[in-house]
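All remarks here apply to the structure that follows.
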Amino acid sequence: MNAATPRAADWAALLADALVGTDRRSSAEPADLLDRSGAWAAFRRAGTRPVTDAGSLPVPAPPDSRPLVGVAAARRLELLLEGGGRLDYSMREAILHEWLEVVRDRGRRIPPELLPALLAHGRQHIPVRPLISEVGGARAHWLAEQNPEWTDLTSEAEETADPQAWETGSYAQRRGYLGALRRRDPAAARRLLSDEWLNLAPPERANLLVTLATGLGADDEPLLESGLDDRRKEVRTVAADLLRVLPGSAYQARAIARAQRHLVVAGERVEVRLPEACDEAMRRDGITPKPPAGIGERAWWLEEVLARAPLSAWPLTPATLLDRVRGDEWATTVHRGLARAASVHRDSAWAAALVDRLGGEPRGRDLAALLYPLLRPDEIVSRAARALRAGTVAGLGPLLESTPRPWPPELSRLVLNGFSDLARRSKVRGELYRLARLAGLGLPVSAAAAARELAESLRQVEGVDTVTLDTLAATLAFRHEMTQEIA
Amino acid sequence: VTVVWSAEQILALAPDASSQKAGRGLGMPGSWREVGHSIDPAALWGLCNGSGAKPYQTCVDLAGAAYRCSCPSRKFPCKHALGLMLLWTAGGVPDVSPPEWVTEWLETRSARQEKAQASKATRTADPATAARRRNSIDAGVSELERWLIDQVRQGLASASRADYRHWDAMAARLVDAKAPGLASSVRRLASVAGAPERLFTEVSLLWLLVRGYRRLDDLPAGLADTVRSRVGFPVATADVLAGPRVRDHWAVLGVRDEADERLTVRRAWLRGRGGRFGLVLSFAAAGQTLPADLVPGTSIDASLCFYPGARSLRALVADRHGEPAPLAPPEGTSIEVALGEYAAAVADEPWLDRWPMVLGGVTPVERAGWLLVDPSGAAVPLALDPVGIWRLVAACGGAPATVAGEWSHTGLRPFALWTEGRLVRP
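Residue numbers (the working numbering), protein chains in the order written: chain A, 100 to 586; chain B, 2 to 427.
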C-alpha cells in the first residue's frame, strides 16, 4: 500500500481502469490497482465534507401555546389513524372525529409529528378537515404550506382563489375556483358562468351550475330557466332543483298553480284530482313521466307535482290539511309528495306532521328517514323511545342516526334496556348488530360500565348473540378510556 | 417486586408491526375477563374473547419473559399476550393468586428450562475446531482474493451488468468457508452494482480487508481484532464479558430495528457522559421477541463490555447498577465536528459503515433532497423515507432541534430527535 498523499486525478484514473478492466489496459496490475484504490476509498470516506449550499432556512411555524396531549392519547390517535384492534374502518373514522372534538374542546394540541398522518387522512375525508385545521392549529397550516399535497387540506372543500385553476385546471379545479368565487362575489361567479356557458363541455355545465346553490338569488333565474331547456338531462335536473327552492321564482309559481289544480282546497273539503297526463310543461319543470316500479303512472305524477311545489301553496296548517285528506284512496300518495317537499324545503312542522303517515313498506320508510333530521331532538327521542317500548325496531336505525350525539340520558337508558330484550330475539339479529354499532357511537361514554354489565349478564342466556354486545361494550370502553386520557 | 414495564417496552416486544397494532387494540378492559397478576410467581394471565366460542387463555411469565396463549397464532408474543401486558401497565390488572392452569404451565416451563441449562453447561470450546476454522477461512480468503482480481481484470463495468447469481455464488462459497463477514460484504456489492463508482469503492475496501487479513500479525492489536471480526471470526460472549468494564451513565439515544426475511436485528445506540458511543445489538429469528430493556429517552447506570476492535462500538451490558432514569435532551455537536469525528474513526477503522452522530441545532431543509442544516450553514443529507422525513419536518416546525442518527456515506438516518424538550422518534 503506497498511497500516502493520493491526488484527485488518481482516483478517477483508477476508476476508469477498473471499469474497463486491466486486461484491456495494460497500464496497471490488478493487485497494484486495488492496493491504491483501497487506500483511496478509505481516504475519500474519511474526507466527507458537509454540503454548503443548503440555501436559506425555512420560516419557523408560529408558536402554539396549547399544552400537548399525553403519551397515551397520542398513542390512541396513532391507533385510530393506522387501524388495528377491533374497530372497523367506519367506526374508527367516527371515533377519530370524536377524539379530535374532545381535544379541541379541552384546548389541547397534538404531538406535531402525528400531523402528517392526520393531514394525509384529511385528504380522503373532507368532512373532518375543519376539525383537523382547528386542532392542528398553526403547525398544521405551516406544514400544509410545505407539501403541495396538503395545500387544500385546511379548507373545507377543494376551493381555490387561483385564477390559473379556472384557465387551465381540471374539472374539479375549475369547480373549486368557481365555488370560491361564488362565496366571495356571487354576481361575478354568475357572470363568469353565463359568459362561458355556451362554450362549456356538456358534462361540465351541470357540474358548474351546482355552484349557484351558494348565495342563490333572483338574479340567477334567467340562467337557470335557460337550463331547463338544455339538451342534457343532468343540467335540466340541476336547474329545476335550484329553481324550486328559489323563493318567488316563476318555476315556483307554475308549481304552485299545478299543485293546487290536483289537490284542491275548497271550503271545508280537500279534493284529490289525479293528473290526466304528463304534459310538455310538466316535463320541462323536471317531472319524470315514467314512474318507478310498483307505482301507477297517474299516482306518480301527483306525487311529483306535489313534491315540486313549495309548501306555501297550502293555505291550511299541516294538521288540518292532512286531516281533510284522511280516508282518501290517494292519501298516502299525497303524504309522500308533501314529505318530499318538506325535505327539500327543510320544513320541520310539515316533517313532524307527515313522518308517521308514509306507509310501512321500504319506500315509505326511506322517505321517513329523510324527515328525521328535520325533527326536533326531543321529538326524535320520544319517537325512538316509543319504537323501543313497542319492540318495533324496523326504521329505528335511521331515527337513531339522526339523533344528536351523545344521546340524552332517557334515550340511552331505553336503548340499553331495549338491547337486553332484543338480544333474546334471534329474528332481529341483523337489526341488533346495526343498532349496536349506532349505540357504540351515540351512547355517552358514561354508559360503558352499564354496557359491560349487560354483555356479562346475557352471556349465560341461551341463544343470545353476545359478540354484538361485547363489541358494543368494547367500543364504549374504548371511547371512555379515550376521553379519560385526554386530560 | 416486579417492576411494571412501560407500554413502550411492551410494544417493542411485538414480533412485527401488525401484532403491535392488534396488541394495542386488545389492551383495553373490554376485551378481557378474569385477569390477574401475581408477584410470586411473577405472572400475568387472563381470558380474551376471540372469534371462537371458548375464550383464549393467555399467560405471561414475567420473570422469564415467556408467553403462552391458547390462540392459534404462531407469533411470540401473540397479540393477546401484548394486549394483556398493555392492560397491566395501564393498571387494569388486580393482584390475585394464579388459577391452576397458570401455575401448571409455569411449573412445566421451569422444569424444561433447568434441563436446557444443564445440557448447555456441558458444552466446552474445542481447540481443534478453532484450527479447522482458521484453515477454512484462509482458503476462503485466497479464493476471494483471486475473484476480486478477476473482477478488476475483466472490468467492473461488465460485473455491474451481471445478475445476482454472479455475487451470490461467491458469497455462498464464503459462507461454506466459515467467513460470514466476507460473505455479507460480497452480497452488499450486489446491492451497489448499479452504481459503478460505489461498486469500485466497496470492491476496493473489501480488497483492503483481504490485505489486512494477510498481514494480520503486523497489524496493531485493535485493528487485527477488527479485521478478524469483519472477516467473520466469532467472538464468544464470555470473552467479551471477561474484558474491561466501562461504567458510566449511558444515555439510550435510540433503537432501530432492521429486519430481513429470516432475522431481525435491534440496534440500541448509547452514549456515555464522556461522549463514548456504544451499540448494543440483539437478534431474533423472524417472529420471535427482541429484548426491550434499553428504552430510548432513559439513561442507565451500567457497565459495558466492548467487543475487541480498533474503533469498537459494539458492546454488551455487563452490569446494571440501578433503575433507568429519564434522560434530559443530550448535547449535540456541529456538523463539522461530527464529520471530523467520523473521519478519525474511519482512519482507525476503514470499514466503518455506520457511525453515530448527535447534531445540535439542526433544521430540516428541502433542497433537491432533504438536508439537515446546522447554525453555521453546514449540512448533511437525510437518509429517510418520505414518511420519516415528514414526521421530522412536522416535529421541528422549521425550528432547530437536536438530532441523533446513524451516519453512513449516503447520509444521516435519524433515530431520535429532541424538540421543545421532548424525545420524538422519526
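Using N, Cα and C, we set each Cβ at its ideal position, and we do this for glycine too. Only a predicted model underlies this, so the values are computations on that prediction, with no experimental measurement involved.
| Asked | Found |
| --- | --- |
| Per-residue DSSP class, three states only, for arginine 383(A) | helix |
| Residue nearest to alanine 537(A) in terms of C-alpha spacing, selected from Met190(A), Leu180(A), Phe577(A) | Per the sequence presented here, residue 537(A) reads as leucine, with alanine not at that position. Considering only alpha carbons, the answer is Met190(A). |
| Opposing strand residues paired with phenylalanine 284(B) [DSSP bridges] | Val266(B) |
| Any C-beta of chain B under 8 Å from that of glutamine 583(A) | no |
| Short CB-CB distance (under 8 Å) between glutamate 255(A) and chain B | Its pLDDT being 45, under 50, glutamate 255(A) is placed unreliably in this model, and the value from its coordinates should be taken loosely. Chain B, which has no Cβ nearer than 8 Å to the Cβ of glutamate 255(A), makes this no. |
| Simplified DSSP assignment, three categories, for tyrosine 68(B) | strand |
| Simplified DSSP state of phenylalanine 234(B), which is helix, strand or coil | coil |
| Residue of Arg215(B), Ala237(B), Glu101(B), Asp240(B) minimising C-alpha distance to valine 228(B) | Arg215(B) |
| Which listed residue (Val296(B), Pro100(B), Val247(B)) has its alpha carbon closest to that of serine 7(B) | Val296(B) |
| Whole-number beta carbon distance between serine 74(B) and asparagine 50(B), since they are thought to touch under 8 Å | 15 Å between Cβ atoms; not a contact. |
| Proximity winner among Leu340(B), Val241(B), Arg166(B), Val187(B), relative to tyrosine 308(B) (alpha-carbon distances) | Val241(B) |
| Beta-carbon proximity check, valine 97(B) vs glycine 28(B), cutoff 8 Å | no |
| C-beta atoms of glycine 341(B) and leucine 360(B) nearer than 8 Å | no |
| Bounding residues of the alpha helix (DSSP H) (the contiguous stretch that carries histidine 444(A)) | Taken as a continuous stretch (DSSP letters only), histidine 444(A) belongs to no alpha helix (DSSP H), as it is neither H nor E. |
| Chain-ordered residues of the stretch 19–41 of chain B with a beta carbon less than 9 Å from chain A | Ser19, Gln21, Lys22, Ala23, Gly24, Arg25, Gly26, Leu27, Gly28, Met29, Pro30, Gly31, Ser32, Arg34 |
| Proximal residues, the stretch 182–207 of chain B versus chain A, C-beta separation under 7 Å | Pro197, Glu198, Phe201, Thr202, Ser205, Leu206 |
| Local conformation of aspartate 249(B) per DSSP, three classes | strand |
| Beta-carbon proximity list for alanine 546(A), same chain, < 7 Å, skipping 5 on both sides | Ser511, Leu515, Leu575 |
| Nearest to leucine 156(A) (by Cα), restricted to the options Gly406(B), Leu413(B), Trp371(B) | Trp371(B) |
| Counterpart residues of leucine 220(A) in DSSP-defined beta bridges | The sequence shown places histidine at residue 220(A), rather than the leucine named in the question. BP columns for histidine 220(A) are empty, so no partner. |
| Valine 369(A) - partner residues in DSSP beta bridges | Val364(A) |
| Beta-bridge partners of glutamate 146(B), as assigned by DSSP | Answer is none; glutamate 146(B) lacks a bridge partner. |
| Alpha carbon of arginine 551(A) to alpha carbon of glutamate 259(B), nearest angstrom | 41 Å |
| Per-residue DSSP class, three states only, for proline 374(A) | coil |
| Residue range of the unbroken beta strand (DSSP E) whose run includes tyrosine 57(B) | 57–62 |
| Close-in-space but distant-in-sequence residues of the same chain around glutamine 245(A) (CB under 8 Å, 5 per side omitted) | Pro157 |
| Cut-off 8 Å between Cβ atoms - residues of its own chain near tryptophan 148(B), not counting five sequence neighbours on either side | Met171 |
| Buried versus exposed, by CB contacts within 10 Å (16 or more), isoleucine 231(A) | buried |
| Minimum Cβ-Cβ distance from glycine 385(A) to chain B less than 8 Å | no |
| Members of the stretch 388–402 of chain A that neighbour chain B once the beta carbon cut-off is set at 7 Å | none |
| Closest residue to leucine 178(A) among Asp163(A), Trp198(A), Ala160(A), Glu428(A) (Cα-Cα distance) | Trp198(A) |
| Buried versus exposed, by CB contacts within 10 Å (16 or more), tyrosine 165(B) | exposed |
| Whole beta strand (DSSP E) elements within the stretch 554–586 of chain A, 3-residue minimum | none |
| C-beta contact flag for tyrosine 350(A) and aspartate 328(A) at 8 Å | no |
| Residue burial classification, glycine 120(A) (beta-carbon count within 10 angstroms, cutoff 16) | buried |
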